[in-house]
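**Student:**
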Amino acid sequence: MTALTALEHMKQSMMSERTGRMILRTQPRVTDETLEFASRQPPGTFGHRYAQFMKFNGFTPNGRTPVAHIADPTLAYIMQRQRESHDFLHTCVGCGRTVEEEIIVKLLEWRHTGLPIGLLAVIGGLPWLNRQQIRNMELYFEWAEINAPNQRHGEVYIPYMTNVWWESYLDKPYEQILADTGFTPIDVFLQQRKGETALANGEAIDSK
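If you want the working numbering, it's the position in the sequence shown, counting the first as 1, plus 237.
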């Protein structure tokens, strides 16, 4: 799939859903003012987590390179929105910025967007992983699959990442965005798999 084909598919997915249509109509941008608002939110909120992630890594929204070389203004905005959603996604699923964690997020983004650059980033990062991390890739692919668009978690169908109005959750409890989107943080998924393995092996599960 080419980047333009992927963007057209993303446009269709946004047009087919109410929040996606609102985002395309109003075209919100994630700016340094967004981060400033998030930094004023109390602990326990999604905004506080996002601000801490950005501060720890020395990131600012305005530091992102603008989208270029996409003639269609709507598709250009969708690409920009996808880029600006990247750090929100990191925060939502509980991934930092190690090479391994970046690969995990890129896998999820690829499942949500189909953009080839996501898969290329995964492939490019593999040589930097150690043997155990390489073995873990099977788990990470599984995690990305269960967090793919339209997967059902309870009563919630996971939305495309570009159909999430991330900014509206900045002043809400972190648990709220998880409940509304259905995303399973990576640490929760790995702990679940660890428990399943322990049960299969007849081991006691550490509840700590």
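Note that the Cβ used here is the ideal one computed from N, Cα and C, for glycine as well. Being a predicted model, the structure only gives us computed values, none of them experimental.
Pairs of beta-carbons, one from the region 320-330 and one from the region 350-362, closer than 8 Å: are there three or more?
**Tutor:** Between the region 320-330 and the region 350-362 there are fewer than three inter-stretch CB-CB distances shorter than 8 Å, so the stretches are not counted as touching.
**Student:** Return helix, strand or coil for H327, following the three-state DSSP convention.
**Tutor:** As a working note, residue 327 is residue 90 in the sequence shown. Note: H327 maps to helix in three-state DSSP.
**Student:** What is the residue span of the alpha helix (DSSP H) that W380 lies within?
**Tutor:** Numbered from its first residue, the sequence shown carries residue 380 at position 143. First-last of the alpha helix (DSSP H) with W380: R368 to I383.
**Student:** Can you tell me which residues form a DSSP beta bridge with H390?
**Tutor:** Start at 1 with the first residue of the sequence shown, and residue 390 comes out as number 153. Bridge partners of H390: V393.
**Student:** Restricting to runs no shorter than 4 residues, where is the alpha helix (DSSP H) found entirely within the region 275-352?
**Tutor:** 283-294, 310-330 and 336-350
**Student:** If you follow the alpha helix (DSSP H) that S405 is part of, which residue opens it and which one closes it?
**Tutor:** Working through the sequence shown from its first residue, we reach residue 405 at position 168. Where S405 is concerned, there is no enclosing alpha helix (DSSP H), given that its DSSP letter is neither H nor E.
**Student:** Buried or exposed: K187, going by 16 or more other Cβ atoms within 10 Å of its Cβ?
**Tutor:** Residue 187 is absent from the structure shown; the chain starts at 238 and stops at 445.
**Student:** In the DSSP assignment, find the alpha helix (DSSP H) that holds L261 and state where it starts and stops.
**Tutor:** Here the question's residue 261 lines up with position 24 in the sequence shown. Residues R255 to T263.
**Student:** Round the Cβ separation of G331 and P422 to the nearest angstrom and send it over; I've been treating them as touching at under 8 Å.
**Tutor:** To locate residue 331, count along the sequence shown from 1; it is residue 94. To locate residue 422, count along the sequence shown from 1; it is residue 185. About 4 Å separates the beta carbon of G331 from that of P422, a gap short enough to meet the 8 Å contact definition.
**Student:** Assess contact between the region 361-377 and the region 238-253, defined as three or more Cβ pairs (one per stretch) separated by less than 8 Å. Is contact present?
**Tutor:** no
**Student:** Is the number of C-beta pairs between the region 382-397 and the region 250-259 that are closer than 8 Å three or more?
**Tutor:** With a cut-off of 8 Å, the region 250-259 and the region 382-397 count as touching, because enough Cβ pairs lie within range.
**Student:** Reducing DSSP to helix, strand and coil, say where P422 ends up.
**Tutor:** One-based indexing of the sequence shown puts residue 422 at position 185. The answer is coil: DSSP assigns P422 none of H, G, I, E or B.
**Student:** Where do the ends of the alpha helix (DSSP H) carrying M247 lie?
**Tutor:** One-based indexing of the sequence shown puts residue 247 at position 10. Per DSSP, M247 belongs to the alpha helix (DSSP H) from A240 to M252.
**Student:** To the nearest angstrom, report how far apart I315 and Q278 are at their CA atoms.
**Tutor:** For the purposes of this step, residue 315 is identified with residue 78 of the sequence shown, where counting begins at 1. For the purposes of this step, residue 278 is identified with residue 41 of the sequence shown, where counting begins at 1. Distance between the alpha carbons of I315 and Q278 is about 27 Å.
**Student:** Is it buried or exposed for R262, if we count other Cβ within 10 angstroms and need 16 for buried?
**Tutor:** The sequence position of residue 262 within the sequence shown is 25, counting from 1. Looking at its Cβ environment, which holds fewer than 16 other Cβ atoms inside 10 Å, R262 is exposed.
**Student:** Starting from the C-beta of L407, find all residues in its chain whose C-beta is less than 8 Å away, skip the five residues before and the five after it, and write them out in chain order.
**Tutor:** On the sequence shown, position 170 is the one that residue 407 refers to. If we look at L407 and ignore the five residues flanking it on each side, its Cβ neighbours are T271, F274, A275, Q278, T282, F283, G284 and Y287.
**Student:** Name the DSSP bridge partner or partners of P410?
**Tutor:** The residue you call residue 410 lines up with position 173 of the sequence shown. Bridge partners of P410: T282.
**Student:** Of all the options G355, P280 and E339, which has the alpha carbon lying nearest to the alpha carbon of E412?
**Tutor:** If you number the sequence shown from 1, residue 412 lands on position 175. Per the C-alpha coordinates, the member of G355, P280 and E339 positioned closest to E412 is P280.
**Student:** Which residue from N299, T328 and Q317 puts its Cα closest to that of H306?
**Tutor:** On the sequence shown, residue 306 is found 69 positions in, with the first residue counted as 1. Checked all of N299, T328 and Q317; the closest Cα to H306 is Q317.
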